[in-house]
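Before any comments, here is the structure.
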Amino acid sequence: YYDNMIRALSYTEILKGLLKATIFGGIVAQVGCYVGFKTTGGARGIGQSTTRAVVLSFLLIFIANYFLTRLML
467 YYDNMIRALS
477 YTEILKGLLK
487 ATIFGGIVAQ
497 VGCYVGFKTT
507 GGARGIGQST
517 TRAVVLSFLL
527 IFIANYFLTR
537 LML
């Protein structure tokens, strides 16, 4: 298994994956901080902000993945 994995993967693919993971993590952190700092309304507002942050993060990661994949071809 390990030998086949080594033959199938190249260093550039690993580096591309790490770069994308870093960018996606940055997106999640930025969105979480932005939405979290603008939260109002007590417990109900926290629930709504959490949902908003998750949906916005998902959409931004989806869009970023499209462009990053296009750039890395």
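Take the position in the sequence shown, starting the count at 1, then add 466; the result is the number in my numbering.
Ideal Cβ positions, reconstructed from N, Cα and C, are used throughout, including at glycine.
Inter-residue Cα distance where the pair is residue i and residue j
i	j	result
Asn531	Gly508	34 Å
Thr505	Gly511	6 Å
Met538	Ala474	18 Å
Tyr468	Ser476	13 Å
Tyr497	Asn470	Per the sequence presented here, residue 497 reads as Val, with Tyr not at that position. About 38 Å.
Start and end residues, alpha helix (DSSP H) containing residue i
i	result
Leu525	Gly508 to Leu537
Thr488	Tyr477 to Phe503
Tyr468	Tyr468 to Ala474
Close Cβ partners of residue i (< 6 Å) along its chain, the five nearest in sequence each way excluded
i	result
Val501	Ser515, Arg518 and Ala519
Lys482	Met538
Lys486	Leu534
Buried/exposed call for residue i, threshold 16 Cβ in 10 Å
i	result
Ile493	buried
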